[in-house]
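To start, the structure itself, in structure tokens.
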Amino acid sequence: MNKYTKRKIIELSISSATVLAIFILWFIVAELKIFPEYFIPAPSSVLDAFLEISVSGYRGGTLLQHLGDSLFRVVSGFIFACFIAVPLGMFMGYNWKVKAIFDPIVEFYRPLPPLAYYTILVIWLGIGNESKITLLFLAAFPPLSISAMSAVAAVPMERIQTAQSLGASKLKIFSHVVFPSCMPGIFTGMRVSIGFTYTTLVSSEIVAATSGIGWMVLDAGKFLRGDVMFMGIFVMGITGIILDRLIRIAERLIIPWKGKG
Numbered sequence: 170m171n172k173y174t175k176r177k178i179i180e181l182s183i184s185s186a187t188v189l190a191i192f193i194l195w196f197i198v199a200e201l202k203i204f205p206e207y208f209i210p211a212p213s214s215v216l217d218a219f220l221e222i223s224v225s226g227y228r229g230g231t232l233l234q235h236l237g238d239s240l241f242r243v244v245s246g247f248i249f250a251c252f253i254a255v256p257l258g259m260f261m262g263y264n265w266k267v268k269a270i271f272d273p274i275v276e277f278y279r280p281l282p283p284l285a286y287y288t289i290l291v292i293w294l295g296i297g298n299e300s301k302i303t304l305l306f307l308a309a310f311p312p313l314s315i316s317a318m319s320a321v322a323a324v325p326m327e328r329i330q331t332a333q334s335l336g337a338s339k340l341k342i343f344s345h346v347v348f349p350s351c352m353p354g355i356f357t358g359m360r361v362s363i364g365f366t367y368t369t370l371v372s373s374e375i376v377a378a379t380s381g382i383g384w385m386v387l388d389a390g391k392f393l394r395g396d397v398m399f400m401g402i403f404v405m406g407i408t409g410i411i412l413d414r415l416i417r418i419a420e421r422l423i424i425p426w427k428g429k430g
């Protein structure tokens with residue numbers, strides 16, 4: 170067993186022990202009934218809620234349907250942002266004039282809370298998926314564009330100069346030197362972006378929604394259904410981890426050389 174494998178096993182053991190300790194503490198607190206059931210429901214109640222909603226549904230939709238609606242909104246907004254923000258960010262890093270045009274716009278709305286402009290989107294686009302996907306698109310945009318722009322700026326000049334000395338055109342330099350060199354930074358931005366997009370999900374489902382995992386958690390809170398709220402939060406957390414892992418897998422497949430240079 171090499172040193173890396175041994176460290177990974179120890180790391181996994183510590184993480185597993187931490188999660189187990191949290192669940193044991195949760196079980197003890199719930200059994201002692203220190204807090205009301207709606208405040209901290211028992212693990213068994215959360216499991217029952219999961220099974221019930223998976224089979225019978227919640228307010229007209231099964232758990233899979235609510236999760237599917239949320240994922241459709243998140244993935245749609247994220248993919249649209251990838252197709253626009255990444256190329257734009259790269260051109261912002263490659264051309265100072267493009268940066269001068271778009272950077273102030275991105276920097277202006279980047280720190281704004283999503284709910285601050287969501288009401289405007291509802292007025293413009295209505296209460297359907299259009300406003301929700303647009304909100305998630307805007308949430309995903311800044312991390313993607315900024316990471317792409319920074320990745321271009323971080324490309325070593327030696328690589329570009331070497332390509333120029335070999336007679337490569339600007340287009341070939343961009344496609345064969347700059348773009349591959351930027352991929353690790355872009356994927357890092359994608360991981361940050363999908364996380365921020367997912368955290369904005371609840372905001373996108375807070376207005377006039379009738380489905381979605383975020384809406385389900387908010388709706389359950391109105392009726393003090395702590396079991397449903399905890400279950401929904403667990404599902405959101407696990408789904409977020411899966412989305413992040415999928416991006417990591419894509420990163421390893423597309424840029425297998427990362428970290429080996």
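Heads up: the sequence shown is residues 170 to 430, going by the numbering used here. The beta-carbon is built from N, C-alpha and C at its ideal position, and this holds for glycine as well.
Span of the alpha helix (DSSP H) around residue i
i	result
Gly390	382 to 391
Phe306	298 to 322
Ile410	395 to 423
Ala285	283 to 294
Ser373	370 to 373
Lys172	172 to 201
Pro212	212 to 224
Ala332	326 to 334
Which residues DSSP lists as bridging residue i, in chain order
i	result
Gly354	Partner(s): none; Gly354 has no beta bridge.
Classification of residue i by the beta-carbon crowding that lies within 10 angstroms, buried from 16 upward
i	result
Pro425	exposed
Thr288	exposed
Ser214	buried
Phe252	exposed
Gly406	exposed
Pro312	buried
Arg394	buried
Thr331	exposed
Met326	exposed
Thr303	buried
Ile200	Per the sequence shown, the amino acid found at residue 200 is Glu instead of Ile. When all chains shown are included, Glu200 counts as exposed.
Tyr432	It is not possible to answer for residue 432, since the shown part of the chain is limited to 170 through 430.
Val404	buried
Ala419	exposed
Val188	exposed
Thr379	exposed
Leu281	exposed
Lys301	buried
As assigned by DSSP and simplified to three states, the class of residue i
i	result
Gly230	strand
Arg279	coil
Thr379	coil
Glu206	coil
Pro273	helix
Ala250	helix
Trp426	coil
Ser344	helix
Ser239	helix
Val245	The question names Val, but residue 245 in the sequence shown is Ser. Of the three classes helix, strand and coil, the one that applies to Ser245 here is helix, per DSSP.
Ser362	helix
Cutoff 8 Å: residue i Cβ touching any chain B Cβ
i	result
Ile193	As a matter of chain content, chain B is missing from the structure shown, which is built from one protein chain.
With contact counted as at least three CB pairs below 8 Å, one residue from each stretch, are the segment 352 to 360 and the segment 288 to 303 in contact? no
So does the segment 400 to 415 actually touch the segment 332 to 343, counting three or more Cβ pairs closer than 8 Å? no
Specify whether the segment 194 to 203 and the segment 372 to 386 touch according to this definition: at least 3 beta carbon pairs, one from each stretch, less than 8 Å apart. no
Does the pairing of the segment 360 to 375 with the segment 243 to 259 give three or more beta-carbon distances under 8 Å? yes
Sufficient close CB pairs (3 or more, under 8 Å) joining the segment 202 to 209 to the segment 261 to 268: no
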